[in-house]
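Scroll down for the structure; my scribbles are underneath it.
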Amino acid sequence: MPAPTITFAEKRVLTGSVAVLTPVTEADVDALYPLLQDLEVSVLTGSVSSANPTAEELRPYSLAELRAIYARWAVAEDRIVWAIRDVRDHGILGEAVLNDLSAANRSCGFRIWTAGGRGRGIGTEATRMAVDYAFDRGIHRVELEVYDFNPRARHVYQKVGFRHEGTKRDALRFDDGWVDAHLMSILSTDPRG
Ligand SMILES: CC(C)(COP(=O)(O)OP(=O)(O)OC[C@H]1O[C@@H](n2cnc3c(N)ncnc32)[C@H](O)[C@@H]1OP(=O)(O)O)[C@@H](O)C(=O)NCCC(=O)NCCS
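Structure below.
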């Protein structure tokens with residue numbers, strides 16, 4: 054009998070010891086909007102092309118556009134977007150995303166950012182919980198890209214069990230220079246950190 058098709062239609066709250074991941078809703082956009090303009094997040098996720106971005110680069114979407122985007126994501130079957138919250142007060146710190154679902158290949162992508170509470174284990178735990186969620190749905194491979202100028206994120210991914218697969222040379226144009234992007238993945242059969 055063929056395996057059932059994988060979807061991310063079922064949105065679950067994931068609770069850890071320092072972070073809670075709640076499936077995003079349109080109502081979360083008011084809290085996410087200012088965080089999305091965090092310069093460090095914008096630089097490290099490759100959303101801006103310089104350390105001194107223009108206001109347009111930092112705010113590519115209006116609040117209304119973001120509400121429409123998140124309303125779609127809240128019911129999407131091919132991605133799940135979680136708000137990352139501090140377990141202590143449930144304040145929103147960032148987001149974790151499983152996207153680019155390929156049901157045929159049982160694979161998906163992962164991305165994460167937090168604009169507050171960094172260095173407290175929240176990013177590591179959020180990554181572990183999202184990867185666990187993917188594997189529990191039947192996903193075999195989770196992949197991501199991380200820029201060379203982001204050793205903290207690379208460390209977190211390695212700690213969770215992601216392995217380096219290769220490097221896209223000069224993948225990002227930044228401040229009149231070039232930055233490599235590293236491709237990393239974790240398989241459901243890999244040892245977990
Ligand atoms: C990457 C990110 C999600 C990690 O979340 P976090 O909550 O800060 O991470 P944690 O506290 O769980 O872990 C940080 C780890 O990185 C280590 N670290 C910190 N700075 C580092 C550096 N410059 N080089 C290597 N490791 C570093 C810490 O020591 C810690 O590891 P340890 O627990 O083994 O000591 C978060 O910092 C973030 O969103 N940054 C900005 C956006 C971003 O980079 N997103 C990822 C794009 S690919």
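The opening residue of the sequence shown carries number 54 in this note's numbering; numbering runs sequentially from there.
Just so it is clear, CB atoms sit at the ideal spot from N, CA and C, and this is done for glycine as well.
Distances from the CA of A104 to each of G214, D153, K212 and F227 were compared; the closest alpha carbon is that of F227. L88 is the residue among L88, C161, D243 and W231 whose C-alpha sits nearest the C-alpha of L116. Look at the beta carbons and you see the stretch 205-220 touching the stretch 172-191: at least three pairs across the two are nearer than 8 Å. Between ligand 1 and the CB of W166, the shortest heavy atom gap is smaller than 7 Å. One alpha carbon belongs to H193, the other to A84, and they sit about 33 Å apart. Boundaries around T180 are those of the alpha helix (DSSP H), I175 to D189, since no beta strand (DSSP E) includes it. No residue range can be given for R159, since it is assigned to no alpha helix (DSSP H) and is classified by DSSP as neither H nor E.
Collapsing the DSSP output to three states places S95 in a helix.
Linking T98 to F163 through their CA atoms gives a straight-line distance of about 12 Å.
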